[in-house]
Every structure is written in C-alpha cells, then in structure tokens.
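Step one of this worksheet: look at the structure below.
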Amino acid sequence: MKGEKPLYKSSRFERQLPLIGSEGQKKLENSTVLIAGAGGLGSPAATYLALAGVGEIIIVDDDNIQESNLNRQFLHSAASVGRRKAYSAESTLHELAPDASIIAHPIRIDRTSARQLVRDADIVIDALDNYETRFILHDSAWAVGIPYIHGAIEGFSGQLTSIIPGKSPCLSCLIPGTPPGGKIPVIGATAGVIGSMQAMEVIKFLTGTGTMITGRLLIWDGLSGRSEYLKIGRRKNCHFCSDHGE
Ligand SMILES: [Zn+2]
Numbered sequence: 005m006k007g008e009k010p011l012y013k014s015s016r017f018e019r020q021l022p023l024i025g026s027e028g029q030k031k032l033e034n035s036t037v038l039i040a041g042a043g044g045l046g047s048p049a050a051t052y053l054a055l056a057g058v059g060e061i062i063i064v065d066d067d068n069i070q071e072s073n074l075n076r077q078f079l080h081s082a083a084s085v086g087r088r089k090a091y092s093a094e095s096t097l098h099e100l101a102p103d104a105s106i107i108a109h110p111i112r113i114d115r116t117s118a119r120q121l122v123r124d125a126d127i128v129i130d131a132l133d134n135y136e137t138r139f140i141l142h143d144s145a146w147a148v149g150i151p152y153i154h155g156a157i158e159g160f161s162g163q164l165t166s167i168i169p170g171k172s173p174c175l176s177c178l179i180p181g182t183p184p185g186g187k188i189p190v191i192g193a194t195a196g197v198i199g200s201m202q203a204m205e206v207i208k209f210l211t212g213t214g215t216m217i218t219g220r221l222l223i224w225d226g227l228s229g230r231s232e233y234l235k236i237g238r239r240k241n242c243h244f245c246s247d248h249g250e
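All residue numbers for the sequence shown refer to the numbering used here, where the first residue is 5 and numbers rise by one.
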C-alpha cells in the first residue's frame, strides 16, 4: 500500500471519476496489484492499471526481451531487445504514470518466491505463458485468499476467469491437468483484448464496481467476433479444493 496523497483529485482522472467516484479512485491509489508476466497480456494489463491510478504495481518476469516479442509486448521497444522485461516494463510504466510505484522483480516464480510475492498484493493477474507457473502462483494466491485473474491466449482467441478463493472454483477445477506449453502463434490484438479485460476485472474488484467474471469462463474468439461464457462448477474430486478445505 502507498502513502496518502490527494492524487485522486488530479485532472488526470477526470474522465473516470464519474464512473468510480473519488472513493473508487482512492481505493485504486491505495492498492497493490501483482502482475505475473511482462509480455503480451502483461503489457495491456499493467499499462491500463498504471494509467487508471493503481498506486503500486509489482511486475515479475525473468525473461529477456526478444525481437519476436515485439508483435504484442508493447511495454518494450526495439531498442530494449536483450534487456530484462521486468526493468523495461518498469521504465515504460514509470514514464506513463510517474505517480505509480512500480516494483520490478526479474525473478522466476517458484513455490518460495510466489508465497512472498502474493503476500504484498491485493490481487494477482496471471499474465503467464505456461501452466506450471500458473498453478504455483494460483495456489499461493488461494492460500492468502486474494483473487487471481486468469487469462490465456492462442492465435485469434483467448479466455478469462476471475478466481476468488472461497467464492469460486479453483484453477484446478477449471484445468485438471497441465496443458502442453511451447511457442504458440498469437496476434498482438488478441493479447490486447484479454489483457485489457484482466485490467478491467482488477478495477471492478478494487473499486467494487460491476460484476466480476467469476464462476464462469469467458471464451473470446476474435476470428468470428463471438464470445461465450461457460459455467464453471467445482469439480468433485479436485485435488486442490479437497486438500484446502473447500
Ligand atoms: Zn478445485
């Protein structure tokens, strides 16, 4: 959490204050969002949250920028190839939103680091590209009872759900095994849609506005322009829920 500052009165936010009020704006300012991944999903998610006035953003990524990232990862520029993504994201976000506190961690997410990272956050964005790490981070967020905003993309389509411990099914209920990883083709705009929706989920949660996409999975198909929601139930034999008293 950041110290008090009457930022919410700034004209920077005058177009959103009618929507979330000064109370909502203050809540954003006093919140900490953990964004795991400074790539395709992390770029729009972190950008819109920093611009919205979120007080503190913790951004975690242990990768270096490659040229092949640049069709979608707009936190980074051609001049940043080879640099750590976490630091490049920190510089860009600082330029866009100088009042936000950006904390960059160029570290790998494992059981130990995940536990420490979620401790300081109010909410977590899963902007990762592999399910092994997603489960590690999800389990840590669940353990401390904070929401985990899952997003994933492939090609022209993507999915999203907000997992709220105690209120919604867990990630293992939704995805019982670990899907295969590897390099998947993707159009940058797909990441833009899903990453922006992740930012929207965080803004709704922190300001208490609207209805979260929880207990249902949004499947968005950019090629056909169709969206659908699949109801997600708690799986009876979910190894995670049953071990965690749900
Ligand atoms: Zn479960």
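In this text, a Cβ means the ideal position worked out from N, Cα and C, and glycines have one as well.
For residue i, the three-state DSSP class (helix, strand or coil)
{"i": "Ile-113", "result": "coil"}
{"i": "Arg-238", "result": "coil"}
{"i": "Asp-42", "result": "One detail in the question is off: residue 42 reads as Ala in this sequence, not Asp. Three-state DSSP puts Ala-42 in coil, outside helix and strand."}
{"i": "Leu-11", "result": "helix"}
{"i": "Lys-6", "result": "Confidence at Lys-6 is low in this model, with a pLDDT of 48, below 50, so its placement is unreliable and the value that follows should be read with caution. Correct three-state label for Lys-6: coil."}
{"i": "Ile-150", "result": "coil"}
{"i": "Asp-130", "result": "strand"}
{"i": "Ser-84", "result": "helix"}
{"i": "Ser-95", "result": "helix"}
{"i": "Ile-167", "result": "strand"}
{"i": "Pro-102", "result": "coil"}
{"i": "Phe-244", "result": "helix"}
{"i": "Gly-25", "result": "helix"}
{"i": "Ala-145", "result": "helix"}
{"i": "Ser-47", "result": "helix"}
{"i": "Val-58", "result": "coil"}
{"i": "Gln-20", "result": "coil"}
{"i": "Ile-140", "result": "helix"}
{"i": "Gln-120", "result": "helix"}
{"i": "Ala-90", "result": "helix"}
Cβ separation of residue i and residue j, assumed to be a contact under 8 Å, to the nearest whole Å
{"i": "Ser-35", "j": "Val-64", "result": "About 17 Å separates the two Cβ atoms, so there is no contact after all."}
{"i": "Gly-159", "j": "Pro-189", "result": "6 Å"}
{"i": "Leu-221", "j": "Thr-165", "result": "5 Å"}
{"i": "Val-37", "j": "Leu-11", "result": "So it is not a contact: roughly 16 Å between Cβ atoms."}
Closer than 7 Å: residue i CB and nearest ligand 1 heavy atom
{"i": "Pro-173", "result": "yes"}
{"i": "Phe-209", "result": "no"}
{"i": "Arg-138", "result": "no"}
{"i": "Phe-17", "result": "no"}
{"i": "Arg-238", "result": "yes"}
{"i": "Ser-176", "result": "yes"}
{"i": "Phe-244", "result": "yes"}
Residues sharing a beta bridge with residue i, DSSP
{"i": "Arg-76", "result": "BP columns for Arg-76 are empty, so no partner."}
{"i": "Glu-158", "result": "Ser-161"}
{"i": "Val-64", "result": "Ala-40 and His-109"}
Inset, instruction - Tell me the start and end of each unbroken beta strand (DSSP E) in the region 169 to 233 that is at least 3 residues and wholly inside, in chain order. - result: Entirely contained in the region 169 to 233, the beta strand (DSSP E) runs reaching 3 residues are, in chain order, 220 to 225.
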